[in-house]
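Peer 1:
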C-alpha cells in the first residue's frame, strides 16, 4: 500500500533531513563520531523500486499514481535499497543525514536495519538515530520516496550514515502471536511495495507497516499465518504494505510502535477503528475503515495455504521477533507435513524464501531435493515438519535433535 493522494503545491523547498550534515564521510573510525560512510545513490539496480538517478539526485522513476492499485496506492512511491555494510566493530545506533529537495506533499525518509545472530532487526527511521536492542555487525539502509497527486517528486542528493554505540533500546516482546482479520490481495500483474510483480496464486502477505517489509526474493521478514483451528498454516514472506495503514506496526509494544501507541499491543488500528470507532472510524489517511483487516494474503496463501474461501480471522506469528535457528526455504511452496514423511497429511505450505523457525530435527523418509538427498526432517512447530532437502540455508544457531 502506498500513501494516498494529497494536494500538492508547485513551490519546492530545500531541506536537510538531519540536525546538521555530517562531515565528509570516512571509512575510518572517528574517536567521537563513530564509523561514517556515504551511500552511493547512483547504484540503482534490480532490488530498487520505481527510482532512478540523475545529475540532480535520486528521484521517482514514474511519479504518476498507479490507478489500478487505488485506493491502496493513491500516489507513487519508490524505494532505493543500499548494499549492506559490514561494520568495523559492532554498534547499537545508526544515524542518517540526508540532503534532499522536496515539494509539498512529497516525502523522503531514510531507514536502516541491523544484522545480529537472530537475523535482521526491523527497519527504523534513522534521521534522528535508530537505536537497536543489541549490537549489530552489518547495516543496510534504504530511502523511501513518495510523490504527490500532481506528479511532483522529491530529489535526494546525498545520504551519510554514522554507526556508533549508545545504551541499547528496550527489547521488543519476542515471538508473540495475534488473532487478526485477513483479507485477500488479488491484484495479479501489479507490483508490490518491494518490487515483486504479483502472479496468479502467489504466496506472500502484506502488513500495514514498512518496518517489516522484506526486499524482493527474500524472507527476511516472514509470518506464520494459521486458521483459528490450527488445521492449516502457511509460512510466507512480507512483500507488500497494507491494508489501510502504512505506519501501524501493531505487533510491537506501545513504546516501540510507530503510531497509535495507546492501543493494546496486537490490536491493528483498522480493527480498533472498525469495531470501536477509534480515530473517528478512519485510517491514518482519513478514509472510513470498511473492515478490521490487519493482514492481507496473496491468493496462493489465501486459497492454497489456508484453504480459505472468504475473508476470515487468522492467527499470525511475526517470526523475525523471535530467536533460535531459522531455515530458508529455497524451493516452494513446500508442503508442511504432520510427520517425517510424504505419507503424512499436509498441514499447510511454506512459501519459497520463507525463513522458518526450526525447533529441532528428526530422521524419517529419505527425500531427494534441490539442495541435498537426506532423511532429515525439520520440526517447525508441533505437528509441522518439512524435509531438509528443500532448505537452502540455516542461520541463528545449531539445530538440535528432537
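Residue numbers (mature numbering (1 follows the signal peptide of the UniProt record, and there is no 0)): -30 to -1, 1 to 372.
Just so it is clear, CB atoms sit at the ideal spot from N, CA and C, and this is done for glycine as well.
On a predicted model such as this, the values are computed, not experimentally measured, just so you know.
By the three-class DSSP mapping on this structure, what secondary structure does residue 239 have?
Peer 2: Position 269 of the chain shown, counted from the start, is the residue given in the question as residue 239. Of the three classes helix, strand and coil, the one that applies to residue 239 here is helix, per DSSP.
Peer 1: Assuming contact is defined by CB atoms lying nearer than 9 Å, are residue 209 and residue 153 in contact in what I supplied?
Peer 2: Here residue 209 corresponds to residue number 239 of the chain shown, with the count starting at 1. Here residue 153 corresponds to residue number 183 of the chain shown, with the count starting at 1. No, the pair does not count as a contact, with Cβ atoms beyond the cut-off.
Peer 1: Helix, strand or coil, according to DSSP, for residue 275 in the structure here?
Peer 2: What you label residue 275 is simply residue 305 of the chain shown in a count that begins at 1. Correct three-state label for residue 275: helix.
Peer 1: From residue 358 to residue 340, what distance separates their C-alpha atoms?
Peer 2: Sequence index remark: in the chain shown, residue 358 carries index 388 (1-based). Sequence index remark: in the chain shown, residue 340 carries index 370 (1-based). C-alpha separation (whole angstroms): 10 Å.
Peer 1: At a cut of 8 Å, does the segment 114 to 132 reach the segment 251 to 268 through at least three beta carbon pairs?
Peer 2: Counting Cβ pairs under 8 Å, fewer than three are found: no touch.
Peer 1: Here's the rule: buried if 16 or more other CB atoms are within 10 angstroms of the residue's CB, otherwise exposed. What is residue 56?
Peer 2: Within the chain shown, numbered from 1, the residue matching residue 56 stands at position 86. Looking at its Cβ environment, which holds fewer than 16 other Cβ atoms inside 10 Å, residue 56 is exposed.
Peer 1: Across which residues does DSSP place residue 384 in a beta bridge pair?
Peer 2: This structure leaves residue 384 out entirely; the chain is present only between -30 and 372.
Peer 1: Can you check the segment 274 to 342 for any beta strand (DSSP E) of at least 3 residues that lies completely inside it and give the ranges in chain order?
Peer 2: Fully enclosed beta strand (DSSP E) runs of 3 or longer: 282 to 288, 296 to 299, 304 to 307, 316 to 320, 325 to 327 and 330 to 338.
Peer 1: Have a look at 62, 77 and 60 and flag the residue whose alpha-carbon is nearest the alpha-carbon of residue 68.
Peer 2: Taking the chain shown and counting its residues from 1, one reaches residue 68 at position 98. Closest option to residue 68, Cα to Cα, is 77.
Peer 1: Which of the three DSSP states is assigned to residue 89 in this structure?
Peer 2: For the purposes of this step, residue 89 is identified with residue 119 of the chain shown, where counting begins at 1. Three-state DSSP puts residue 89 in a strand.
Peer 1: At a cut of 8 Å, does the segment 225 to 241 reach the segment 104 to 124 through at least three beta carbon pairs?
Peer 2: The segment 225 to 241 vs the segment 104 to 124: no contact.
Peer 1: Assign residue 371 to one of two classes, buried (16 or more other C-beta atoms within 10 Å of its C-beta) or exposed (fewer than that).
Peer 2: Within the chain shown, the letter at position 401 stands for residue 371. So residue 371 counts as exposed.
Peer 1: Given a threshold of 16 other Cβ atoms within 10 Å of its Cβ, counted over all protein chains shown, does residue 221 qualify as buried or as exposed?
Peer 2: As a first step, residue 221 is located in the chain shown; it is residue number 251 there, counting from the start. So residue 221 counts as buried.
Peer 1: Can you give the Cα-Cα distance for residue 217 and residue 79, rounded to whole angstroms?
Peer 2: Stepping through the chain shown from its first residue, residue 217 is reached at position 247. Stepping through the chain shown from its first residue, residue 79 is reached at position 109. Roughly 13 Å between the two C-alpha positions.
Peer 1: Rounded to whole angstroms, what's the CA-CA distance from residue 287 to residue 136? Just pull it up for me.
Peer 2: Counted from its first residue, the chain shown places residue 287 at position 317. Counted from its first residue, the chain shown places residue 136 at position 166. Their backbone Cα atoms lie some 30 Å apart in a straight line.
Peer 1: Excluding the 5 residues flanking residue 302 on each side, which residues of the same chain have their C-beta closer than 6 Å to its C-beta?
Peer 2: Position 332 of the chain shown holds residue 302. Closer than 6 Å at Cβ, skipping near neighbours: 320, 321 and 322.
Peer 1: With DSSP collapsed to three states, give me the class of residue 71.
Peer 2: Here residue 71 refers to the residue found at position 101 of the chain shown. Three-state DSSP puts residue 71 in a strand.
Peer 1: Three-state secondary structure (DSSP) at residue -11?
Peer 2: Translated into the one-based positions of the chain shown, residue -11 becomes position 20. With a pLDDT of only 37 at residue -11, under the threshold of 50, the placement of this residue in the model should not be trusted; the figure read from the coordinates follows. It is coil, neither helix nor strand.
Peer 1: Work out the CA separation of residue 150 and residue 305 for me, nearest whole Å.
Peer 2: To locate residue 305, count along the chain shown from 1; it is residue 335. To locate residue 150, count along the chain shown from 1; it is residue 180. When rounded, the distance between both Cα atoms is 24 Å.
Peer 1: Quick check on the burial criterion: 16 or more other C-beta atoms within 10 angstroms. Buried or exposed for residue 316?
Peer 2: Numbered from 1 along the chain shown, position 346 holds the residue referred to as residue 316. Residue 316 comes out exposed.
Peer 1: Using 9 Å as the threshold, is the C-beta distance between residue 180 and residue 318 below it?
Peer 2: As a position in the chain shown, residue 180 is number 210, starting the count at 1. As a position in the chain shown, residue 318 is number 348, starting the count at 1. Their beta carbons are not under 9 Å apart, which means residue 180 does not touch residue 318 by this criterion.
Peer 1: Can you name, in chain order, every residue of its own chain whose Cβ lies under 7 Å from the Cβ of residue 121, other than the five neighbours on each side?
Peer 2: By 1-based counting over the chain shown, the position of residue 121 is 151. Closer than 7 Å at Cβ, skipping near neighbours: 33 and 34.
Peer 1: Let me check understanding here. Comparing Cα to Cα, which of 276, 105, 243 and 16 lies closest to residue 166?
Peer 2: As a working mapping, residue 166 is identified with position 196 in the chain shown. Nearest option by C-alpha distance: 16.
Peer 1: Using the Cα positions of residue 85 and residue 105, report the straight-line distance between them to the nearest angstrom.
Peer 2: Taking the chain shown and counting its residues from 1, one reaches residue 85 at position 115. Taking the chain shown and counting its residues from 1, one reaches residue 105 at position 135. So the alpha carbons of these two residues sit roughly 9 Å apart.
Peer 1: Would you mind sorting residue 46 into buried or exposed? The rule is 16 or more other CB atoms within 10 Å of its CB.
Peer 2: Walking along the chain shown from the start, residue 46 turns up at place 76. Flag for residue 46 reads buried.
Peer 1: Could you check if residue 7 is buried or exposed, using at least 16 other CB atoms within 10 Å of its CB as the buried criterion?
Peer 2: Your numbering for residue 7 matches position 37 in the chain shown. It counts as buried.
Peer 1: Helix, strand or coil for residue 249, going by three-state DSSP, please let me know.
Peer 2: Against the chain shown, residue 249 aligns to sequence position 279. The answer is helix: DSSP assigns residue 249 an H, G or I state.
Peer 1: For residue 269, which three-state DSSP category applies?
Peer 2: Reading the chain shown from its first residue, position 299 is the one you call residue 269. In this structure, residue 269 counts as helix in the three-state DSSP scheme.
Peer 1: Are residue 329 and residue 351 touching if we call contact CB-CB under 9 Å?
Peer 2: Walking along the chain shown from the start, residue 329 turns up at place 359. Walking along the chain shown from the start, residue 351 turns up at place 381. Yes, the Cβ-Cβ distance between residue 329 and residue 351 is below 9 Å.
Peer 1: Measure from the alpha carbon of residue 138 to the alpha carbon of each residue in 212, 196, 61 and 12, then state which is nearest.
Peer 2: As a first step, residue 138 is located in the chain shown; it is residue number 168 there, counting from the start. The candidate whose alpha carbon is nearest that of residue 138 is 61.
Peer 1: Out of curiosity, what's the CA-to-CA distance linking residue 146 and residue 192?
Peer 2: What you label residue 146 is simply residue 176 of the chain shown in a count that begins at 1. What you label residue 192 is simply residue 222 of the chain shown in a count that begins at 1. Computed Cα separation, rounded: 13 Å.
Peer 1: Only counting the same chain, and skipping five residues up and downstream in sequence, which positions put a Cβ closer than 6 Å to that of residue 228?
Peer 2: The residue labelled residue 228 in the question sits at position 258 within the chain shown. Excluding positions up to five away in sequence, the list reads 217 and 219.
Peer 1: Answer yes or no: do residue 172 and residue 271 have a C-beta to C-beta separation smaller than 9 Å?
Peer 2: Sequence index remark: in the chain shown, residue 172 carries index 202 (1-based). Sequence index remark: in the chain shown, residue 271 carries index 301 (1-based). The answer is yes: Cβ separation under 9 Å.
Peer 1: Based on the DSSP output, what are the partners of residue 66 in its beta bridges?
Peer 2: Here residue 66 refers to the residue found at position 96 of the chain shown. Residue 66 is bridged to 131.
Peer 1: Which same chain residues end up closer than 6 Å to residue 29 when comparing Cβ atoms and leaving out the 5 residues on each side of it in sequence?
Peer 2: Taking the first residue of the chain shown as position 1, residue 29 is located at position 59. Taken in chain order, the residues that qualify are 123 and 125.
Peer 1: What residues in its chain sit with their C-beta under 6 Å from that of residue 354, if we drop five residues either side in the sequence?
Peer 2: Counted from its first residue, the chain shown places residue 354 at position 384. 306 and 317.
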